[in-house]
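A quick write-up on the structure given underneath.
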């Protein structure tokens, strides 16, 4: 008995399953052929749908082919006449109908000239206000008149099948357009159409060419899950509100050139089997292609972006071109999870621009993306952009290290295993602040000018200002003026360079100040607190090799005078009595920093305070680090010096 009941229930479930699945096909089979008599009945008895009076032409087979001339003429004449005579807006409902033959909207709607005088007699003030949003609307009747076909009520095409060509060109829809799951078997023409309310084309199937060029969507445009099987044309269209093209499929080229997108443009999970063209378009808000697939090359050339451009988890099989495009301060190109799934996959853009625009939120999960981007730009010989990506990689690494230090456990804190991470973090932070990971020569140059000027002035101060009493050892007013003025000019030029080139200039200047100021300042204060009472008070601490005067590269030189007497005899002190002697301190600083100068400068080893010797060696050590950083930066920023460009 139990087995019998189970079998009965199983049969009932199977029966219900087949019944439910057959409902759509039954609905299609229930279509009734439209005749002149049936047409007159439907026109004489409009129905109320969603609060709007609507001519119900749903679930019909409408044969308006040329072979059926009588129905064709009656169809257009009677519907248009009914719409023209109606004092209130009339909607049209073609849901689930099969329309055979070419469908021409201009023979159905209300022909309307876009002039203020004409609209006052045809439309209500609210409708007139909607039409005035059209850029072709004329307030001056003396100008040439632009005519449109107006549908005052909603147009429902849900599940409608158009077997012939469809022409909605130069049509203004004042109410909602619903074409969900509509099928356009042949070409559909929507050129210069206007949509004042929401336009819904969800799951629409465009079998033939579709042309929405020069159209205006004044409200939401919803093409979600639509399938464009032939050429798609939205050239010059305007989207004033949100546009949803997510999960759409494009089998042939799609032309979105010169389009205008005022709010979000959503192309997530879209599939482009041929070329997408977005050149010379303007995107004022979010543009997202999240999880989209580009099988052919895409073009965004000369476009304008004022919001986030999301290429998150996009699959590239060919190149995407952003050449001559503009990214504002509010915009960036998010490429988290971007996959280069082909050897032809590339991101193209202007040198020095596209690398700046690219953004990734974290290093975790994006290591491969970053490596592919570096390889991409190096193969294009865009060294600045490749370096920019590497700089961003190290910034993300620094962020990761900081998070690791912030989440340190008590056990690691006690065992001091965090020290290596701390040193790594500190060194990386300093490297990014002073050179942007060796990618910014202007920043390194500005840093060098500040260090050079600072130590030049410092050496002049400790050498020339020795004491005030009992016998003053100080420079002349002229020398003080020259030194102070030159120091201010050099420092300001270095600061200006940093302000122009650093991503975080205040932090960079703070880092430089922490290196240059605290330790030397403490030592100088201690030097003057103790006073100086040694011999040779009237002679400079710094000696020059007077055997020759030439520009020298002194990489291996140490800042102390040689021990061998024959070589010591070559060195003479700075001539204080010369008016230009203050320049020698800058030459000394240049020697110590860049190992380059016009004279070989050393510090004497007799009657020399230890603090002064330490300060000279301190700058010499900074110079070793700086010249290494400078050479490394030059090798990364000058293509001829960068051998990595030839490696993939």
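Numbering (my numbering), first residue to last: 149 to 796.
Virtual Cβ for every residue (Gly too), placed ideally from N, Cα, C.
Assigned exposure category for residue i - 16 Cβ within 10 Å defines buried
{"i": "residue 494", "result": "buried"}
{"i": "residue 328", "result": "buried"}
{"i": "residue 626", "result": "exposed"}
{"i": "residue 318", "result": "buried"}
{"i": "residue 624", "result": "exposed"}
{"i": "residue 681", "result": "exposed"}
{"i": "residue 684", "result": "exposed"}
{"i": "residue 846", "result": "Here the chain comprises residues numbered 149 to 796, so residue 846 is not present and cannot be evaluated."}
{"i": "residue 346", "result": "buried"}
{"i": "residue 189", "result": "exposed"}
{"i": "residue 508", "result": "buried"}
{"i": "residue 728", "result": "exposed"}
{"i": "residue 390", "result": "buried"}
{"i": "residue 821", "result": "Since the displayed the chain opens at 149 and closes at 796, residue 821 lies outside it and no answer follows."}
CA nearest to the CA of residue i, picked from the options
{"i": "residue 592", "options": "603, 578 and 407", "result": "578"}
{"i": "residue 736", "options": "750, 725, 580 and 481", "result": "750"}
{"i": "residue 256", "options": "235, 230 and 248", "result": "230"}
{"i": "residue 398", "options": "595, 386, 182 and 356", "result": "356"}
{"i": "residue 782", "options": "186, 673 and 587", "result": "587"}
{"i": "residue 473", "options": "195, 525, 429 and 687", "result": "429"}
{"i": "residue 197", "options": "214, 234 and 238", "result": "238"}
{"i": "residue 686", "options": "634, 612 and 260", "result": "612"}
{"i": "residue 200", "options": "315, 186 and 240", "result": "240"}
{"i": "residue 325", "options": "314, 306 and 235", "result": "306"}
{"i": "residue 690", "options": "670, 721 and 706", "result": "721"}
Residue i versus residue j: straight-line alpha-carbon distance, rounded
{"i": "residue 545", "j": "residue 522", "result": "16 Å"}
{"i": "residue 654", "j": "residue 632", "result": "24 Å"}
{"i": "residue 285", "j": "residue 488", "result": "Because the pLDDT at residue 285 is just 48, under 50, the model does not fix this residue reliably, and the value given afterwards should be weighed accordingly. Going from the Cα of residue 285 to the Cα of residue 488 covers about 47 Å."}
{"i": "residue 352", "j": "residue 401", "result": "18 Å"}
{"i": "residue 776", "j": "residue 416", "result": "46 Å"}
{"i": "residue 254", "j": "residue 395", "result": "32 Å"}
{"i": "residue 467", "j": "residue 516", "result": "18 Å"}
{"i": "residue 334", "j": "residue 299", "result": "23 Å"}
{"i": "residue 548", "j": "residue 511", "result": "7 Å"}
{"i": "residue 678", "j": "residue 660", "result": "28 Å"}
{"i": "residue 675", "j": "residue 759", "result": "7 Å"}
{"i": "residue 485", "j": "residue 332", "result": "36 Å"}
{"i": "residue 744", "j": "residue 672", "result": "26 Å"}
{"i": "residue 554", "j": "residue 571", "result": "14 Å"}
{"i": "residue 437", "j": "residue 459", "result": "5 Å"}
{"i": "residue 629", "j": "residue 539", "result": "42 Å"}
{"i": "residue 621", "j": "residue 610", "result": "11 Å"}
{"i": "residue 206", "j": "residue 216", "result": "20 Å"}
{"i": "residue 233", "j": "residue 226", "result": "10 Å"}
{"i": "residue 191", "j": "residue 464", "result": "53 Å"}
{"i": "residue 342", "j": "residue 392", "result": "17 Å"}
Three-state secondary structure (DSSP) of residue i
{"i": "residue 735", "result": "helix"}
{"i": "residue 295", "result": "strand"}
{"i": "residue 525", "result": "helix"}
{"i": "residue 720", "result": "strand"}
{"i": "residue 753", "result": "coil"}
{"i": "residue 600", "result": "helix"}
{"i": "residue 595", "result": "helix"}
{"i": "residue 446", "result": "strand"}
{"i": "residue 496", "result": "strand"}
{"i": "residue 378", "result": "coil"}
{"i": "residue 242", "result": "coil"}
{"i": "residue 728", "result": "coil"}
{"i": "residue 453", "result": "strand"}
{"i": "residue 364", "result": "strand"}
{"i": "residue 392", "result": "strand"}
{"i": "residue 533", "result": "helix"}
{"i": "residue 386", "result": "strand"}
{"i": "residue 314", "result": "strand"}
{"i": "residue 764", "result": "helix"}
{"i": "residue 231", "result": "helix"}
{"i": "residue 745", "result": "strand"}
{"i": "residue 218", "result": "helix"}
{"i": "residue 258", "result": "strand"}
Anticipated Cβ contact below 8 Å, residue i with residue j, distance rounded
{"i": "residue 733", "j": "residue 644", "result": "Not confirmed; about 23 Å, so no contact."}
{"i": "residue 210", "j": "residue 182", "result": "5 Å"}
{"i": "residue 741", "j": "residue 771", "result": "4 Å"}
{"i": "residue 639", "j": "residue 581", "result": "Actually they do not touch by this definition, with Cβ atoms about 18 Å apart."}
{"i": "residue 442", "j": "residue 424", "result": "7 Å"}
{"i": "residue 387", "j": "residue 365", "result": "5 Å"}
{"i": "residue 431", "j": "residue 455", "result": "6 Å"}
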